[in-house]
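Chains A and B supply the protein sequences, listed in that same order. With positions in the first sequence counted from 1, the corresponding number in our numbering is that position plus 15. With positions in the second sequence counted from 1, the corresponding number in our numbering is that position plus 59. Each residue gets a CB set at the ideal place from its N, CA and C atoms; glycine is no exception.
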Amino acid sequence: MPAVGQSVPRKDAWDKVTGKTQYVDDLSAPGLLYAATVRSPVAYGKLHGLDTAAAAAFPGVVRILTAKDIPGRNINPLVLDDQVFLAETEVRYWGEPIALVVAETSEAAYAAAELVKADITPMTPVLSIRDALKLDAPRLYKGDNVFSSYTIKRGDAAAAFAKAAKIYEREYETPYQEHAYLETNGMMAIPGAEDQMTVYGSMQCPFYVHDAVSQILGLPRNKVRIVQTATGGGFGGKEDFPSVVAGQAALAARVLGRPVKLIFKREEDIIASSKRHPSLVRMKVGVDRDGKLVAADITYYIDAGAYATLSPIVLWRGTVHALGPYVCDHVLIRSYAMATNKVPCGAYRGFGSPQVIFASESLIDEIAADLQIDPVELRRRNGLTLGAKTVTGQTIDQSCGLSETIDKATAAAEWAKKWKPPTARTGKVRPGIGISTIYYGVGLGAGGKHLDRAGASMTIMKDGTVFCAVGNTEMGQGARTVLSQIAADALGAPYEMVNVIEADTAYVPDSGPTVASRTTFMSGNALVAAGRELKGRLLPVIAEKLGATSPDEVDLVDGFGIRKSEPAGTKIPYLDLVKEMYQRRLLPSSFGWYVAPNTEFDKETGQGDAYFVYSWCTNVAEVEVDTETGEVRVVRITSAHDMGRAINPQQVEGQIEGGTLQGMGYCTMEEIRHDAQGKLLNNAFATYILPTMEDVPELRPIIVEHPYSEGPYGAKGFGEVPLMGIAPAIANAVYNATGRRIRILPIKPEKLV
Amino acid sequence: MDNLARVHFPASLPEAADILRTRPGARLIAGGTDLLVKHRNGLLPDVTDFVDVSGLGLHEITLTEGQVRIGSACTMTAVAGHPLVRERFPALVQGTLQVGAFQIRNAATLGGNVGNASPAGDSIPPLLSLDAAALLFGPAGRRTVPLAEFFNGPGKTVLQPGELIEAFLLPDRRTAGAFLKLGERRAHAISKVSLALSCWESAHGRHEVRIALGAVAPTVIRCRKAEELLSAAPWPPATDLVAKARALVVETARPIDDLRSEKNYRRRMTGVLFGRALERVLV
Ligand SMILES: Cc1cc2nc3c(=O)[nH]c(=O)nc-3n(C[C@H](O)[C@H](O)[C@H](O)COP(=O)(O)OP(=O)(O)OC[C@H]3O[C@@H](n4cnc5c(N)ncnc54)[C@H](O)[C@@H]3O)c2cc1C
């Protein structure tokens with residue numbers, strides 16, 4: 016039986032549930048030192064210097080490091096190259112790192128860090144998108160407070176509005192979201208002979224970390240090695256930020272010539288790590304008499320925080336997804352990433368799209384309500400189908416399961432039976448049902464195409480087991496398992512004998528980041544290439560053994576060499592072939608390299624093939640709203656997803672369940688608060704409220720498969736999609752129950768009564 | 060940073076009281092579910108010693124001399140599951156079962172919840188609604204304080220140096236009651252607002268009623284005017300009387316805005332919770 020399509024158990028499951036897995040904080044090294052971070056006590060100010068006398072005298076303290084100790088460049092290399100590892104002459108957000116205290120124990124490092132006094136002249140901070148937009152707002156960087164912006168221009172929106180039967184204008188706002196991965200950020204840096212530096216830690220993107228460590232230390236790339244340790248969750252939060260942590264740990268290890276660990280406490284992880292961008296979305300949509308979208312004008316602002324970090328790319332995804340999976344020929348979308356004096360925002364599952372999806376999917380619902388059309392029907396009338404064009408003018412030419420996801424999700428949720436307008440709802444506790452339909456551009460797309468390639472190495476060991484290394488990471492999403500399944504089938508070896516290990520920059524060249532739901536697709540395709548190459552070396556052996564005239568007549572499938580014309584005939588066991596391979600001294604290793612299909616966009620108009628393929632999804636949320644207390648109970652969420660091919664259906668369902676819960680938290684409870692000076696107030700799980708097991712509704716995942724011709728075994732990517740459309744589905748259900756439209760997330764009871 | 064130096068395991072109440080009296084930096088520790096969080100967050104700078112209560116024999120729930128006596132070291136799980144409690148005090152069962160989640164309830168004690176003196180402590184409104192008293196043990200011996208007079212403010216109690224809560228004493232009677240809370244999620248939620256209502260037959264056609272509110276004032280508070288109104292009138296109360304009582308409950312609340320919720324919402328919800336609690340005891 017092929018491994019692809021089977022719900023094989025996860026490779027890492029047993030060790031994780033029995034506590035055997037070693038995370039970075041479980042590791043040690045001889046002579047290990049511990050670092051703690053000194054953080055800015057103000058949101059914005061001039062930094063004149065530090066008084067470190069008391070801290071330096073604290074028992075156990077070895078050294079206090081500042082930006083002056085950095086041998087290389089004090090910039091975390093990313094898009095605009097603006098974030099410093101340690102503040103130099105100014106601080107730009109509350110909690111920004113300004114020094115590192117290194118000590119013999121973690122306790123001493125933390126205690127001494129509190130004794131460092133920074134000499135800072137505070138300045139007036141900019142703390143929101145609206146503040147940043149004000150004409151008299153402080154200019155945080157020289158120009159306006161805009162880090163980056165995009166425009167998508169298609170057709171003639173102004174003219175189309177003039178002809179629209181109805182026009183809807185609404186404003187929506189969304190809050191921060193904290194990733195709340197189980198394992199906080201942490202790194203251990205170990206200096207070696209000949210200026211080598213090896214950094215172990217929790218991360219999504221070893222090659223970003225590689226860039227960062229080389230840069231802060233001023234070391235050539237071949238002196239730096241990054242090893243990903245078992246990573247307890249990322250969700251985007253370990254895309255760019257671990258580079259900062261790794262750079263700091265490596266700095267201390269390099270200066271002191273001893274191993275250094277830098278492990279974050281939860282409270283500082285929430286203060287210091289990236290988050291989902293808060294947003295402000297202004298939507299204007301015109302429709303004709305039948306509810307067809309004829310014109311759209313959307314302005315999308317995100318609160319990027321103090322440094323640009325990933326914001327330009329986050330913004331690109333949001334811009335492309337701003338109208339949702341609908342046909343509309345006249346569109347103007349403008350988007351802006353605003354600089355403020357708060358912690359830099361970055362990647363979080365969905366990457367700038369959940370914000371705009373909340374806005375557009377809420378507005379579609381508002382239009383349906385106003386036109387008295389069933390919201391499902393309105394979506395069917397406008398949804399993208401094969402041959403239709405997206406807002407960037409891209410033709411959907413294959414793998415479009417949107418309407419099937421609508422059919423299956425609404426059927427399973429019994430939409431037709433349950434939906435009725437809010438005016439027909441009565442009683443203290445009212446049921447409601449809501450829908451969202453979304454699409455998702457898989458991979459880095461035109462905004463990040465220069466990074467969109469991946470490598471994989473594969474070696475058949477003497478005993479037949481297969482060792483594979485890839486450049487993308489396992490962070491709890493099941494990548495190692497799914498990639499092992501793909502590798503096994505590509506080679507034709509039994510799945511049990513194949514293993515893919517955690518990423519290590521010594522094994523595979525830069526394969527881009529582990530983000531954008533790209534790992535199954537990109538590393539999967541690289542493994543397919545590697546597996547086929549290796550199999551190609553065994554086919555002549557099989558042909559010889561089976562007396563076939565050409566290798567084309569035989570194949571290696573599921574652990575047996577066979578004649579294609581007689582799959583049930585004589586079979587040569589895989590292990591016999593391995594023996595032959597070694598006896599004949601054939602090269603038992605191969606290397607696969609995959610470059611993503613082309614994408615492009617025009618800078619002026621945003622037109623072009625934004626992403627190489629799209630995944631599709633429909634969510635139906637059912638709620639009960641207590642009209643006296645405003646409490647919303649999410650009862651059931653049914654989600655149908657087209658991810659091309661489910662390599663491992665159980666993993667797919669797991670992704671749907673987890674993403675749905677994060678989406679539910681985003682919609683109903685999660686938010687970060689700051690005081691008027693920009694201090695982050697709720698940096699603990701007692702005050703940053705996430706759903707718990709008791710909040711979990713009934714979850715019904717549905718798999719829809721419209722294979723993608725370029726995908727490994729037809730797979731696209733979809734890891735982010737389960738979160739993306741949950742908030743509007745719930746918000747629409749709340750409207751359906753109560754007639755109350757909440758346009759500012761989260762939907763807290765206080766807003767409903 | 061904390062200066063915690065040692066943990067003591069006294070085997071008797073006098074021994075515990077003695078440690079508490081002679082070491083000003085000593086603090087009792089029961090389940091540790093409040094204390095260890097504070098300790099980890101560096102919020103106990105003056106605490107030098109922990110005094111563990113587990114060896115003091117405070118785990119019993121008994122019925123003696125017209126009182127149900129609940130040892131202060133009983134966990135929420137133990138209290139909620141005990142027949143003496145289940146048969147008499149539904150508000151307390153519901154209150155203890157709404158603390159944290161079950162892992163927390165297996166460790167958290169009644170003495171710790173009261174000793175912590177948070178206005179949002181979920182066992183406190185039920186205890187007040189049941190006319191509970193705290194039996195205190197200290198260097199000067201034992202004394203009994205009605206729980207309604209036990210709290211002086213958030214984290215502040217009438218406990219004297221060296222004194223600890225030995226047990227809670229609840230009048231032995233069958234009560235009807237309810238505890239309702241609103242939190243930010245369904246488990247591990249500190250109350251935004253909570254209400255306990257207990258009542259029992261005082262004479263034919265009359266019920267003695269107690270109402271206590273959590274998280275809407277510096278301490279848990281009783282709604283005495285509403286209690287008096289309902290206790291004096293025929294039972295079950297007439298609709299207009301319920302409305303009056305509800306208004307009195309709402310007036311009693313003195314809530315604030317904070318991270319968890321808003322003043323106005325909290326105030327209005329006291330009325331909603333009162334209405335619901337009364338509905339529950341009337342069915
Ligand atoms: C995740 C989590 C969720 C929680 N959820 C809730 C909730 O929903 N509702 C709620 O009310 N609380 C909640 N709490 C708080 C806590 O669990 C309760 O207050 C609990 O009852 C405290 O009991 P303890 O035995 O753990 O007390 P400890 O932490 O051991 O002590 C608390 C305080 O009481 C004092 N103390 C302990 N025993 C005595 C005694 N015999 N005499 C005098 N003083 C004493 C201690 O000195 C200390 O000051 C939660 C806590 C956590 C960590």
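Hey, residue i and residue j: beta-carbon distance below 8 Å or not?
i: S472 (chain A); j: A545 (chain A); result: yes
i: R660 (chain A); j: Y728 (chain A); result: yes
i: M218 (chain A); j: D573 (chain A); result: no
i: V239 (chain A); j: M202 (chain A); result: no
i: G645 (chain A); j: E765 (chain A); result: yes
i: F222 (chain A); j: D525 (chain A); result: yes
i: S532 (chain A); j: L498 (chain A); result: no
i: L542 (chain A); j: I557 (chain A); result: no
i: P277 (chain B); j: P213 (chain B); result: yes
i: R78 (chain A); j: L234 (chain A); result: no
i: T653 (chain A); j: I717 (chain A); result: yes
i: K251 (chain B); j: R325 (chain B); result: yes
i: G398 (chain A); j: I411 (chain A); result: no
i: G174 (chain B); j: A76 (chain B); result: no
Taking DSSP's pairing of strands, which residues face residue i in a bridge?
i: K240 (chain B); result: B:S253
i: W331 (chain A); result: None, per the DSSP bridge assignment.
i: L277 (chain A); result: A:M202
i: A85 (chain B); result: B:D108
i: E184 (chain A); result: A:K299
i: I224 (chain B); result: B:L195
i: G470 (chain A); result: A:W608
i: V481 (chain A); result: A:I475, A:V513
i: F210 (chain B); result: B:T216
Classify residue i as buried or exposed, calling it buried when 16 or more other Cβ atoms lie within 10 Å of its own Cβ.
i: G460 (chain A); result: buried
i: S188 (chain B); result: buried
i: T334 (chain A); result: buried
i: K763 (chain A); result: buried
i: F367 (chain B); result: There is simply no residue 367 (chain B) to check, as chain B begins at 60 and stops at 342 in what is shown.
i: W29 (chain A); result: exposed
i: S261 (chain B); result: exposed
i: T52 (chain A); result: buried
Nearest CA to the CA of residue i: which residue from the options?
i: M596 (chain A); options: A:D146, A:V667, A:I475; result: A:I475
i: V296 (chain A); options: A:E111, A:V309, A:D318, A:V302; result: A:D318
i: L695 (chain A); options: A:T620, A:S55, A:Q37; result: A:S55
i: C360 (chain A); options: A:V342, A:K586, A:S326, A:V391; result: A:S326
i: K35 (chain A); options: A:F162, A:A245, A:I182; result: A:A245
i: P588 (chain A); options: A:D657, A:T529, A:A508; result: A:A508
i: H63 (chain A); options: A:A133, A:V39, A:K280, A:R25; result: A:A133
i: L94 (chain B); options: B:G171, B:Q219, B:A246; result: B:G171
i: L42 (chain A); options: A:P274, A:N698, A:A321, A:Y165; result: A:P274
i: G101 (chain B); options: B:T136, B:N62, B:A70, B:D111; result: B:N62
i: I286 (chain A); options: A:A699, A:G20, A:V711, A:Y59; result: A:A699
i: A139 (chain B); options: B:R164, B:V127, B:L228, B:V96; result: B:R164
Notebook entry, point to check: Relative to chain B, which residues along the stretch 706 to 720 of chain A have a C-beta separation below 8 Å, given in chain order?
Noted result: Close to chain B, meaning a Cβ-Cβ distance shorter than 8 Å, are the following residues of the stretch 706 to 720 of chain A: P706, T707, M708, E709, D710.
Check: Going along the chain, which residues of the stretch 319 to 339 of chain B sit with their C-beta nearer than 7 Å to a C-beta in chain A?
Finding: For the stretch 319 to 339 of chain B, the set of positions with a beta-carbon nearer than 7 Å to some beta-carbon of chain A reads S320, E321, Y324, M328, V331 in chain order.
Notebook entry, point to check: According to a CB-to-CB cut-off of less than 9 Å, which residues of the stretch 243 to 257 of chain B neighbour chain A?
Noted result: Result list: E243, R244, R245, A246, H247, A248, I249, K251.
Next item on the list: Scan the stretch 668 to 691 of chain A for residues whose Cβ lies nearer than 7 Å to a Cβ of chain B and list them as they occur along the chain.
Entry: Cβ contacts with chain B: M684, R688.
Checklist line | Residues in the stretch 107 to 120 of chain A having any Cβ partner in chain B nearer than 7 Å | finding: Within the stretch 107 to 120 of chain A, no residue qualifies.
Item checked: Chain-ordered residues of the stretch 217 to 246 of chain B with a beta carbon less than 7 Å from chain A -> Listed by position along the chain: L241, E243, R244, R245, A246.
Check: In the stretch 145 to 165 of chain B, which residues sit with their C-beta less than 8 Å from some C-beta in chain A, listed in chain order?
Finding: Taking 8 Å as the Cβ-Cβ cut-off against chain A, the residues of the stretch 145 to 165 of chain B that qualify are A160.
Check: Along the stretch 24 to 57 of chain A, what residues have a CB closer than 9 Å to any CB found in chain B?
Finding: Those would be none; no residue qualifies.
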